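A.B. asks:
Residue numbers (the UniProt record's numbering): 1 to 817.
Quick look at the structure:
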């Protein structure tokens, strides 16, 4: 350890790497190398890098450096997702401008990234809060607006009372704001939306392209969020209302079992049809429900509540009058905000019916007891009963039959519904991209002309940024009041800013040509680099960011700007870094500071610990790992590379065969392990190679043997994926002056040295050794059992077929006669 000084290595090699700039991607059209694009989810500049950053960027860098070693032309860029609430809140607190906090933190993180030795192409650096970037957010908004994909409407939205802004559905977690944790309420506002629902089916269908490249749990989360349901739209007449009400149901076969009708209490329909007699109770109930989150409303454990609206609906299949209720367990944005209630076959409907004494009619005989008596709804398949023309049919036949009847009688039709809702992108905060719309009393909503973009933010600071329920931009009258681009009359700018997920929905395309001035990106460069070969980041973005990026990519494909419909071919999600079995937090006092760990143990030891702790997707408990042990291993590895006594360029053929076999088996295994993203096992193999080389130096052929150099050089190259400073120093000590180990080239395993020697397999019959077989160490259990049973020595001790054969390939077969 006395010879291993990680801080000295960092001080030596960081400036040399910055001078060499070895990881700049080539744009030369004549470059024959295959292109590879690796992308890390870019960071938010909330402060210095933390332990989560340390893990995800260490893992991604293993892949990037492996690709560099394999000779690919690699694009591995870095940027900052630099708009957003934390900067604005910090500016309010310190009476400053959000840009000051933002760009100061960006420089802090950039310095730490350089220290951490990540293989970025720094020439492509971008910040989403730069006008050169958000200019194109606005340009893209205008294109979406022209295509009918950006629109403004009023309605109930998720409102965070603490951050004083609306939230998309995806930003509400268990009824709370995913950023600040405040309880979210529902509020009536007019907002801007992106029409992502137009792409719902394509977002589902195109997931076939991602099979095998994305984690299955992320695929499932995306499918569930989009939520495709097949069923029927059924028309229910409401007494006293001219227009029928549409109800979507996945079980139209149970229409004969509908005994009441439920409207979402916060739906416009409920307010429209409630009778004067029942309005006071309805309005009081609606006010109570407004305090609940959607999660609370949909909870199966919550007692059912509701009010009768004084109206009756007409069941279209039997003409029965059924009462119309308002309730909290139906949401206004599901389907059409109203449902037919079939209590015998839906648990929530049954709970409601039992609470308010409403009828329960069985229409599907499943062999289970009557739900009206047991309180347990039967939702499965069975034979239709009490259903007129459907009696005797099973579910699939009954659904097809009733849809046919509905369509013939013009009382409904087959339909598909999606859980996905349009993306609410308005935010009532300052530090974001201004929405490029001008509101004119005569011309309506007018996009800011392209030649007037970007619309930049006025200079607001400190208390002027404080949330007031409307955007702080509304107070900047000189900025707000403008001429209409169409009629030149007085008009007003839109004062909302865009959700920052707009920024991150296309940033990966901008990296291909960050200085491009004629559009958001150079279409030809994106054609060359895209789609992204490997994306690395947290599973917390499984719905939000990934869904929006996929949507943007499909719109851009339709616009002819990209040639692919899925942006990320492969996705790697890392686990969390925890401490003592719990997430790190100040309140628990279990936080671990990344910078302090680096100061204490060095960059390479921290990176190695992150990678070696377990499979990438597993959590790392910092209490269970040892950067000190990693540091000791790195010292041993550097010592091995330092003690090699042969000269560079020596032929390895004359070296010790056994060590050469270990080296080439390690190369072969590490290659396969990196390709399959089993990085922790690859590190274990490098540790074994280090021990083998150490043994050869100390008690084998010695430091001058060519096989020792071969092992040490292979170790340096492969170790550079996880410990770049140590590997670079070792490479130089091995006599390779100039250049960098990061571009030395991946070693190739010699097939002749991968052939393993035969091993002896002992064959026992009734516990006694009866034969010994020489077999390959890779032999399978079935093949080994067949060889053992075919042995004449074994057969001589068997009478007929054995009762049991226990195989422990490749060394033991135990036969029980």
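Note that the Cβ used here is the ideal one computed from N, Cα and C, for glycine as well. Here the structure is a predicted model, which is why all the values come from computation and not from measurement.
Three or more C-beta pairs closer than 8 Å, one from the region 702 to 719 and one from the region 662 to 673: is that the case here?
C.D. replies: Counting C-beta pairs closer than 8 Å gives three or more between the region 702 to 719 and the region 662 to 673, which meets the contact rule.
A.B. asks: If you check the beta carbons only, do residue 71 and residue 24 fall under 8 Å apart?
C.D. replies: Taking 8 Å as the cut-off, the beta carbon of residue 71 is found no closer than this to the beta carbon of residue 24.
A.B. asks: Taking the alpha carbon of residue 260 as the reference point, which residue from 505, 323, 374 and 396 has its own alpha carbon closest?
C.D. replies: 323
A.B. asks: Output needed for residue 240: all residues of its chain with C-beta closer than 8 Å, excluding positions within five of it in sequence on either side, in chain order.
C.D. replies: 273 and 311
A.B. asks: Which residue comes first and which comes last in the beta strand (DSSP E) that contains residue 185?
C.D. replies: 185 to 194
A.B. asks: Quick check on this structure: which residue in 348, 738, 53 and 785 has the alpha carbon closest to the alpha carbon of residue 575?
C.D. replies: For the set 348, 738, 53 and 785, the Cα lying nearest the Cα of residue 575 is the one of 53.
A.B. asks: Does the Cβ of residue 806 have 16 or more other Cβ atoms within 10 Å, making it buried, or fewer, making it exposed?
C.D. replies: exposed
A.B. asks: How would you write the range of the alpha helix (DSSP H) that residue 506 sits in, first residue to last?
C.D. replies: Neither: residue 506 is in no alpha helix (DSSP H) and is coded neither H nor E.
A.B. asks: Which runs of the beta strand (DSSP E), 3 residues or longer, sit entirely within the region 474 to 545?
C.D. replies: If one requires a minimum length of 3 residues, the beta strand (DSSP E) runs lying completely within the region 474 to 545 are 481 to 483, 490 to 493 and 534 to 538, in chain order.
A.B. asks: Just the Cα atoms here: how many angstroms apart are residue 1 and residue 117?
C.D. replies: Here residue 1 scores only 45 on pLDDT, less than 50, and its place in the model should not be relied on; the value that follows carries that caveat. Spanning the two alpha carbons is a distance of roughly 22 Å.
A.B. asks: Would you check if the distance between the CB atom of residue 186 and the CB atom of residue 271 is smaller than 8 Å?
C.D. replies: no
A.B. asks: What is the rounded straight-line gap between the Cα of residue 278 and the Cα of residue 345?
C.D. replies: 29 Å
A.B. asks: Identify every run of the beta strand (DSSP E) within the region 543 to 611, keeping only runs that are complete inside it and at least 3 residues long; order them along the chain.
C.D. replies: 571 to 574 and 577 to 579
A.B. asks: Could you tell me which of 624, 434, 65 and 168 sits nearest to residue 423, measuring between CA atoms?
C.D. replies: 168
A.B. asks: Does the distance from the C-beta atom of residue 184 to that of residue 264 stay below 8 Å?
C.D. replies: no
A.B. asks: Counting Cβ pairs closer than 8 Å, one from the region 610 to 622 and one from the region 559 to 568, do we hit at least three?
C.D. replies: Put simply, the region 610 to 622 does not touch the region 559 to 568. Fewer than three CB pairs are less than 8 Å apart.
A.B. asks: To the nearest angstrom, how far is it from the Cα of residue 690 to the Cα of residue 636?
C.D. replies: 8 Å
A.B. asks: Report the option in 812, 743, 742 and 746 whose CA atom is closest to the CA atom of residue 770.
C.D. replies: 812
A.B. asks: Could you have a look at residue 821 and say whether DSSP puts it in helix, strand or coil?
C.D. replies: Residue 821 lies beyond the residue range present for the chain, which begins at 1 and ends at 817; the question has no answer from this structure.
A.B. asks: Using alpha carbons as the reference points, say which of 615, 654, 621 and 625 lies closest to residue 678.
C.D. replies: 615
A.B. asks: Taking three-plus beta-carbon pairs below 8 Å as touching, is the region 479 to 490 in contact with the region 519 to 539?
C.D. replies: Counting C-beta pairs with one atom in each stretch, the region 479 to 490 and the region 519 to 539 have fewer than three that are closer than 8 Å, which means they do not touch.
A.B. asks: Looking at residue 192 and residue 425, is the spacing between their C-beta atoms short of 8 Å?
C.D. replies: yes
A.B. asks: So, with DSSP's three-state summary, where would you put residue 78?
C.D. replies: strand
A.B. asks: The beta strand (DSSP E) with residue 323 in it runs from where to where?
C.D. replies: 321 to 327
A.B. asks: For residue 290, which residues of its own chain have a beta-carbon under 6 Å away from its beta-carbon, when the five flanking residues on both sides are left out?
C.D. replies: Around residue 290, the same chain offers 186 as residues with beta carbons nearer than 6 Å, after the five sequence neighbours per side are excluded.
A.B. asks: DSSP three-state label for residue 1, please.
C.D. replies: With a pLDDT of only 45 at residue 1, under 50, the local geometry of the prediction cannot be trusted, and the value read off the model is given with reservation. Note: residue 1 maps to coil in three-state DSSP.
A.B. asks: Does the distance from the C-beta atom of residue 509 to that of residue 495 stay below 8 Å?
C.D. replies: no
A.B. asks: Taking the beta strand (DSSP E) that residue 770 falls in, what are its first and last residues?
C.D. replies: 768 to 775
A.B. asks: Counting beta carbon pairs with one atom in the region 733 to 751 and one in the region 684 to 701, are three or more of them shorter than 8 Å?
C.D. replies: no
A.B. asks: In this structure, how does DSSP classify residue 315 when only helix, strand and coil are distinguished?
C.D. replies: coil
A.B. asks: Counting only the same chain and skipping the five closest in sequence on each side, list residues whose C-beta sits under 6 Å from that of residue 832.
C.D. replies: Because the chain is modelled from 1 through 817, residue 832 falls outside the range shown and cannot be assessed.
A.B. asks: Count the other CB atoms within 10 Å of the CB of residue 527; is the residue buried (16 or more) or exposed (fewer)?
C.D. replies: exposed
A.B. asks: How would you write the range of the beta strand (DSSP E) that residue 341 sits in, first residue to last?
C.D. replies: 338 to 341
A.B. asks: Alpha carbon to alpha carbon, how far is residue 627 from residue 605? Give it in angstroms, no decimals.
C.D. replies: 5 Å
A.B. asks: Mapping DSSP to helix, strand and coil, what is residue 646?
C.D. replies: coil
A.B. asks: May I ask you to report which of helix, strand or coil DSSP gives residue 257?
C.D. replies: Three-state DSSP puts residue 257 in a helix.
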